Amino acid sequence: MVLKKDGRMEPFDKQKLLTSIMLATNKRPVTPAQINMVLSKILYKFESVKEDVIPARVIGEIVKNNLLVLDKVAYIRFVSVYMDFSDADDFCSLVEKIKEGSDK
1 MVLKKDGRME PFDKQKLLTS IMLATNKRPV TPAQINMVLS KILYKFESVK
51 EDVIPARVIG EIVKNNLLVL DKVAYIRFVS VYMDFSDADD FCSLVEKIKE
101 GSDK
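Per UniProt numbering, the very first residue in the sequence shown carries number 1; after that it's consecutive.
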């Protein structure tokens, strides 16, 4: 089960996760095999946690970290939605952090 930030619980949806990754990597030089590898790594990480409930925040962090390694543009796309960016300054700040070698 996934614990949403508003407190709701919903079943984990592998397809929803895959869709998020595919949207982030759309029109990027990322192969289907790479997407499947990232998905497998993420699913393995969930299985290793061995918890019945995973906070959506944890899922987002795991996806974010895997996308940063895979493709920085895909990472920015995912983070902009995940962190609910509201203006261009948010994007600029994230890009600067990536250039400096940090995503924090």
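All C-beta atoms, glycine included, are put in the ideal place defined by N, C-alpha and C. Remember, predicted model here, so these are calculated numbers, not experimental data.
- Of all alpha-carbon atoms in Lys97, Asp90, Ala33, the one lying nearest the alpha-carbon of Leu68 is that of Lys97.
- For Leu18, the CB contacts under 7 Å within the same chain, skipping 5 residues up- and downstream, are Leu39 in chain order.
- Collapsing the DSSP output to three states places Glu47 in a helix.
- Between Ala74 and Lys4, the CB-CB gap reaches or exceeds 7 Å.
- A residue is called buried once 16 or more other Cβ atoms fall within 10 Å of its Cβ, and Val81, having fewer, is exposed.
- Taking the Cα of Pro29 as reference, the smallest distance to any Cα among Leu94, Phe78, Ser93, Asp71 is reached at Asp71.
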